[in-house]
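Participant: I'd like to ask you about the structure that follows.
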Amino acid sequence: MSTIYKALKVRLYPSKEQEVLINKTLGCARFIYNQMLAERIAVYENLKEDKRALYEHKYKTEKQYKEEFEFLKEVDSIAIQQSRMNLSMAYQNFFKSLSGKRKGKSGFPKFKKKKSGESYTTSMVNGNIAINFDNREVKLPKIGKVKFRDERTSFDGKIKSATISRTPTGKYFVSLLFEQEFEYAGVTIDDSLITKAIGIDMSLSNFFLDDKGNSPAYERLYRTYEKKLAKLQRRVSKKKLGSANRKKAQHKVNLLHEKIANKRKDFTQKLSTKIVKENTVIVVEHLSLKAMSQALNLGKSIMDLGFSQFINQLQYKSLWNNKVFIQADKWFASSKTCSVCGYKNKDLTLSDREWSCPNCGQNHDRDVNAAKNLKQYGLKDLGLGQPDIKPVERKTAADSLSFESASFLNEAGSPCL
Ligand SMILES: [Zn+2]
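Take 56 as the starting number for the sequence shown in the numbering used here and just add one per residue.
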């Protein structure tokens with residue numbers, strides 16, 4: 056038994072009054088964040104010479120803020136609380152990144168600007184959030200029951216929190232985070248799995264290649280829409296700053312971005328469903344710096360390509376369907392290792408699309424070889440496929456999945472459905 060988190064994101068259709076209140080909450084969440092940040096900066100400026108006073112300083116509470124700014128009382132108090140938590144998280148990240156405890160750079164917290172796309176988060180307290188599939192309504196604190204549209208008629212689990220967002224194009228969504236208890240029925244780990252395993256190597260030109268050399272019918276979304284996007288963006292830059300025409304042009308750009316994101320999601324959803332249906336063991340690479348630098352070379356981010364979205368989908372769909380999902384270790388050299396003899400070709404560079412093994416002479420397609428290695432990696436991990444390796448006892452799929460579930464929890468907070 057284990058717990059996983061899943062997000063259900065649906066489009067909301069608020070009434071005029073509800074829309075006003077949602078916008079107000081978005082504004083208040085931003086306002087309190089900025090007020091508290093300003094307070095912290097001012098206190099620091101005043102007390103920076105006196106470390107002790109700075110350390111012991113009591114910052115204003117939400118209650119004090121509400122007394123000072125009455126309008127804050129009109130909106131969901133948990134959303135306000137969440138803003139404070141977001142700010143302290145931003146500070147923590149900043150300090151951790153300064154001290155090197157956190158990888159990557161987190162800058163000093165910034166003031167939030169008023170934007171057309173924003174969100175706020177509120178959490179479940181005594182049934183203040185609910186979804187009714189019969190009436191097609193989502194109940195939200197202070198906002199009340201809001202109409203939603205979605206194809207699903209049920210969703211398992213207990214609601215933990217809700218993130219209400221407004222897109223730059225003025226649409227409203229709610230992402231409900233559900234907690235689910237999970238039980239694995241178990242997969243019998245035996246040699247029959249060898250023919251039901253697939254190794255998948257992500258590829259910029261084909262989206263991916265599997266160990267048999269298959270690749271999906273990949274619509275290169277950006278290629279198709281790149282020109283159109285560039286044209287629309289040029290139009291925006293030609294319009295006067297702050298003019299109604301510029302806004303209109305920007306709206307068109309936003310709509311196209313939205314369309315691309317939706318197409319990409321549709322593509323990865325269908326593809327991940329198919330792969331999980333057709334295979335029992337699914338082995339993927341770690342989305343490494345290698346992949347990212349390749350993408351950056353082309354001026355695109357991994358997010359644009361939908362790689363992490365796709366791998367995340369493979370992971371949770373495997374969980375739902377009692378399939379074994381294995382992600383290779385970050386350091387696993389899937390491209391440089393010969394899948395026939397195991398020789399490690401240290402001289403292989405990113406531009407080598409094909410190579411011959413100096414040891415056994417086998418010709419390799421770079422990506423297919425990598426996919427073959429991934430498949431072997433997964434089978435080895437299950438104690439299968441390699442005669443020189445002693446089989447490891449594995450009773451259920453849960454054993455092989457447990458080491459992944461920790462990272463899964465972190466990612467599930469983002470709307471992944
Ligand atoms: Zn070889």
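Where a beta carbon is used, it is the ideal one built from N, C-alpha and C, also for glycine.
Do you know whose CA, among THR250, LYS318, LYS293, lies nearest TYR273's CA?
Facilitator: Among THR250, LYS318, LYS293, the Cα nearest to that of TYR273 is on LYS318.
Participant: What residue range does the beta strand (DSSP E) around ASP256 cover?
Facilitator: Here the beta strand (DSSP E) through ASP256 covers 252-258.
Participant: Do the CB positions of LEU403 and VAL336 come within less than 9 Å of each other?
Facilitator: No, the pair does not count as a contact, with Cβ atoms beyond the cut-off.
Participant: Whole angstroms are fine: how far does the CA of ARG107 sit from the CA of GLY212?
Facilitator: Cα to Cα, the separation comes out at about 47 Å.
Participant: Is ASN414 a contact residue of ligand 1, with contact defined as CB to any heavy atom under 8 Å?
Facilitator: Flag set: Cβ of ASN414 near ligand 1.
Participant: Hey, how far is the Cα of VAL201 from the Cα of ALA217?
Facilitator: When rounded, the distance between both Cα atoms is 13 Å.
Participant: In terms of residues, what are the limits of the alpha helix (DSSP H) holding LYS332?
Facilitator: Run containing LYS332: 299-333, per the alpha helix (DSSP H) assignment.
Participant: Tell me the DSSP secondary structure of PHE365 in three-state form.
Facilitator: In this structure, PHE365 counts as helix in the three-state DSSP scheme.
Participant: Is it true that the segment 157-177 meets the segment 203-210, where meeting means three or more beta-carbon pairs spaced less than 8 Å apart?
Facilitator: The segment 157-177 vs the segment 203-210: no contact.
Participant: Quick one, which of THR392, GLY438, GLN364 has its alpha-carbon nearest ASN418's?
Facilitator: Residue THR392 is the option with its Cα nearest to ASN418.
Participant: Does the distance from the CB of SER258 to the CB of ASP422 come in under 9 Å?
Facilitator: Closer than 9 Å, so yes.
Participant: Can you tell me whether GLY172 is buried or exposed? The criterion is at least 16 other CB atoms within 10 Å of its CB, across all chains shown.
Facilitator: Burial call: exposed.
Participant: What's the gap between the Cα of VAL379 and the Cα of GLY254?
Facilitator: Approximately 12 Å between the Cα atoms of the pair.
Participant: For the segment 419-439 against the segment 362-376, are there 3 or more C-beta pairs whose distance is under 8 Å?
Facilitator: Taking 8 Å as the limit for Cβ pairs, the verdict is that the segment 362-376 does not touch the segment 419-439.
Participant: What I want to know is whether the C-beta of TYR398 ends up closer than 8 Å to one or more non-hydrogen atoms of ligand 1.
Facilitator: Yes, since a heavy atom of ligand 1 falls inside the 8 Å radius drawn around the Cβ of TYR398.
Participant: Does the distance from the CB of VAL338 to the CB of ILE381 come in under 9 Å?
Facilitator: Taking 9 Å as the Cβ cut-off, VAL338 and ILE381 qualify as a contacting pair.
Participant: Is PHE228 helix, strand or coil by DSSP?
Facilitator: In the structure shown, PHE228 sits in a strand (DSSP, three-state: E or B).
Participant: Count the other CB atoms within 10 Å of the CB of GLU340; is the residue buried (16 or more) or exposed (fewer)?
Facilitator: Result: buried.
Participant: Relative to ligand 1, is the shortest distance from any of its heavy atoms to the C-beta of GLN417 smaller than 8 Å?
Facilitator: Checking the Cβ of GLN417 against ligand 1 gives yes.
Participant: By alpha-carbon positions, which one of GLN288, THR323, ASP321 ends up nearest to LYS307?
Facilitator: Nearest option by C-alpha distance: GLN288.
Participant: With a Cβ-Cβ cutoff of 9 Å, do THR224 and LEU310 count as a contact?
Facilitator: Their beta carbons are under 9 Å apart, which means THR224 touches LEU310 by this criterion.
Participant: Mapping DSSP to helix, strand and coil, what is TYR60?
Facilitator: Strand at TYR60.
Participant: Measuring only from the beta carbon, is VAL395 closer than 8 Å to any heavy atom that is part of ligand 1?
Facilitator: True, at least one ligand heavy atom lies under 8 Å from that Cβ.
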